[in-house]
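Under our numbering, the first residue of the sequence shown is numbered 1187, with each subsequent residue one higher.
The beta carbon of each residue, even a glycine, is placed where N, CA and C say it ideally should be.
In what follows, a single structure is set out as structure tokens and then discussed.
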Amino acid sequence: MQVAVLASGSKGNATFVEMDGIRILIDAGISARRIKQELAALGESVEMLDGIFITHEHGDHIKGLPNLVKKYGIQIYSRPATFRAMSCYEELPGDCVNPIIDRIQLGRVAVRAFDIPHDAAAPVGYIIQGTSRCVVATDIGNVDDRLQQMLEGAQVLVLEANHDEEMLKQGSYPYNLKQRILGPLGHLSNRRMAQVVAELRRRPQKLILAHLSESNNRPELAMDTVKSVLDSYGINNMEIYMTAQNHSTSVDF
Ligand SMILES: [Zn+2]
Ligand SMILES: [Zn+2]
């Protein structure tokens, strides 16, 4: 299995997963050209993709989608309400649109969508399950027991570490935007993310910190906060990786 977060952050998100010969993208929020370049750098190609799974309709998750699909005819999977809410919906070739509710099977790999709380039409995270298990979840306002359950047992977990609570509170964002981010349909903080991971019964071997805010977070701060929270639970054997907006982070398993 290979998991490569091609780009992550409020300006664009895309994650490549290869498992048991199946190749998928989770989100296409960077340009089609950049997706092509990043895949080529991994020795992969857009033509080899078996599908693109969209988490929700915000621009930072679908920006590159129309061009990518029009040019290469790749199948897209997402919740029906997410398709309808996409600003680019009319541009997508109809024979590439696959509304899914729960899960689909691609070869030996099952891809399952699960609900996440966020201010979008029908936002989801994805479980990619074959001989290994990878879970991708970003844009999460809060984590309840049901969502926590979905994060269990992944070898590789890509999880949002959006902001440092203090940086956000003291930063320059207008009050309403701060409230949105901190609210139950907003984004997950570094600290809360680490608590969620620490409280899993079957924790990941590799944890990838994703969707960092450029204004309200710093990579070193996110890494330090997550490590110190995990440390306070006596957890110090997890491999932790950082992602970035402008370059890819690749993890083999
Ligand atoms: Zn969003
Ligand atoms: Zn986002």
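Distance between residue j and residue i (C-alpha atoms, nearest Å)
i, j, result
"A1200", "I1221", "8 Å"
"P1405", "L1251", "27 Å"
"R1265", "P1285", "5 Å"
"A1271", "H1373", "20 Å"
"S1217", "E1338", "32 Å"
"S1418", "M1353", "22 Å"
"D1305", "L1228", "33 Å"
"G1316", "V1297", "9 Å"
"I1426", "V1344", "10 Å"
"N1362", "S1401", "16 Å"
"F1239", "Q1291", "13 Å"
"L1235", "C1282", "13 Å"
"P1495", "H1397", "Nothing about residue 1495 can be read from this structure; the chain reaches only from 1187 to 1439."
"R1289", "Y1359", "38 Å"
"R1387", "K1249", "36 Å"
"G1420", "T1268", "40 Å"
Residues that DSSP places opposite residue i in a beta bridge
i, result
"D1410", "Bridge partners of D1410: none, in fact."
"Y1427", "I1394"
"I1290", "V1297"
"G1311", "F1300"
"Y1263", "F1239, N1284"
"V1321", "I1313, L1343"
"L1211", "F1202, I1238"
"S1375", "H1349"
DSSP state of residue i mapped onto helix, strand, coil
i, result
"H1247", "helix"
"E1346", "strand"
"A1226", "helix"
"S1434", "coil"
"V1415", "helix"
"F1202", "strand"
"I1440", "In the structure as shown, the chain begins at 1187 and stops at 1439. Residue 1440 is therefore absent and cannot be evaluated."
"V1329", "coil"
"I1421", "coil"
"A1190", "strand"
"K1257", "helix"
"A1306", "coil"
Close-in-space but distant-in-sequence residues of the same chain around residue i (CB under 7 Å, 5 per side omitted)
i, result
"G1293", "D1206, G1207, I1208"
"P1309", "T1241, H1242, I1302, D1325"
"R1377", "E1351, T1411, V1415"
"L1225", "F1202, S1231, V1232"
"Q1381", "V1415"
"K1197", "D1246, Q1431"
"S1318", "M1187, M1205, Q1341, F1439"
"S1399", "S1196, N1348, H1349"
Residue-level contact to chain B via CB, residue i, 9 Å cutoff
i, result
"F1439", "In the structure shown, chain B does not exist; there is a single protein chain."
Other residues of its chain near residue i: CB distance less than 6 Å, five sequence neighbours each side excluded
i, result
"A1190", "F1202, L1228, S1434, S1436"
"V1321", "I1313, L1337, A1340, L1343"
Contact set for residue i: own chain, Cβ-Cβ below 8 Å, skip 5 residues either direction
i, result
"G1369", "G1327"
### Query
What residues does ligand 2 have around it, judged by CB closer than 7 Å to any heavy atom, in chain order?
So the residues near ligand 2 by this Cβ test are S1196, N1199, H1244, D1246, H1247, T1324, D1325, H1397.
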